[in-house]
């Protein structure tokens with residue numbers, strides 16, 4: 635099936651993440667701690683922890699740091715207790731935004747998120763106000779020029795739900811969250827390396843924003859992403875860079 639043009643937005647997002655390498659370590663550390671606390675320290679029995687450790691290795695986090703964070707979460711070392719909180723709201727032009735946080739202080743976090751929304755043109759909504767516009771799924775994105783036929787053949791054989799060809803030539807493979815690792819492994823074994831591979835909240839429909847509206851929306855997203863307790867920001871805006 636065909637999809638919207640989103641390669642530029644994906645590349646911009648990757649660039650933003652590369653600029654924030656220091657914060658990336660902090661966010662992955664929290665993800666490791668929460669995943670290990672929820673599902674135990676054995677990566678063979680805990681897919682979420684396994685994925686978090688893969689992310690840590692991808693940004694060159696030392697093995698000692700990874701082990702120490704798992705030990706904190708499983709009671710072998712004293713550590714901070716984080717809780718997961720999701721906020722939902724609206725950005726410029728009614729664009730939907732989901733903000734996933736991990737925090738040791740819920741009061742501080744909601745105040746910071748609410749302030750960011752209100753100061754930069756958005757509105758914090760209630761639980762469930764925009765989540766229905768997103769699908770929880772595995773997403774693997776391949777650069778324009780990748781063989782769509784090969785991706786489709788390998789992905790569907792491995793259990794993917796759909797393969798989407800975007801207007802700008804990028805290819806998305808979508809999976810159920812539980813099938814993500816198997817599909818990713820099959821694609822990589824076939825020599826197909828995705829630019830982005832994650833379990834995410836994927837927008838079902840997008841809102842096109844350009845000019846001043848696009849710039850304002852990007853500013854709002856940047857401010858929210860820069861908050862210390864924010865782990866992930868999902869939105870349905872397609873911003874003309």
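Numbering (my numbering), first residue to last: 635 to 875.
Backbone N, C-alpha and C fix where the C-beta goes; we use that ideal spot for every residue, glycine too.
Own chain residues within Cβ distance below 6 Å of residue i, not counting five before or after
i, result
"residue 850", "726, 755"
"residue 665", "686"
"residue 766", "none"
"residue 708", "670, 675"
"residue 822", "none"
"residue 626", "Nothing in the structure corresponds to residue 626, since the chain is present only between 635 and 875."
"residue 703", "663, 666, 667"
"residue 684", "677"
"residue 780", "805"
"residue 834", "773"
Residue i in three-state terms, based on DSSP
i, result
"residue 695", "coil"
"residue 871", "strand"
"residue 775", "strand"
"residue 747", "helix"
"residue 677", "coil"
"residue 862", "coil"
"residue 668", "helix"
"residue 798", "strand"
"residue 636", "For residue 636, the predicted structure reports a pLDDT of 39, less than 50, and the residue's modelled location is therefore unreliable. The matter cannot be settled from this model."
"residue 730", "strand"
"residue 826", "coil"
"residue 762", "coil"
"residue 757", "strand"
"residue 723", "strand"
"residue 857", "helix"
"residue 837", "strand"
"residue 663", "helix"
"residue 703", "helix"
Check whether residue i and residue j have beta carbons under 8 Å apart
i, j, result
"residue 720", "residue 705", "no"
"residue 841", "residue 750", "no"
"residue 731", "residue 867", "yes"
"residue 715", "residue 738", "yes"
"residue 817", "residue 806", "no"
"residue 741", "residue 693", "no"
"residue 724", "residue 785", "no"
Neighbourhood of residue i by C-beta, 7 Å cutoff - its chain only, sequence neighbours within 5 removed
i, result
"residue 700", "666, 687, 690"
"residue 778", "641, 802, 803, 804"
"residue 832", "773"
"residue 865", "661, 664, 665, 734, 735, 736"
Distance between beta carbons of residue j and residue i, contact taken as under 8 Å
i, j, result
"residue 860", "residue 743", "The Cβ separation is near 14 Å, so there is no contact."
"residue 826", "residue 776", "7 Å"
"residue 815", "residue 681", "6 Å"
"residue 736", "residue 718", "6 Å"
"residue 869", "residue 837", "7 Å"
Beta-carbon contacts of residue i that lie in its chain and below 8 Å, excluding the five residues immediately before and after
i, result
"residue 845", "874"
"residue 782", "797, 799, 805"
"residue 752", "758"
query: Do three or more CB pairs link the segment 794 to 814 to the segment 755 to 772 at distances below 8 Å?
result: yes
query: Quick one: any contact between the segment 785 to 797 and the segment 749 to 763, if contact means 3 or more CB pairs under 8 Å?
result: Between the segment 785 to 797 and the segment 749 to 763, the count of Cβ pairs shorter than 8 Å is below three; the stretches do not touch.
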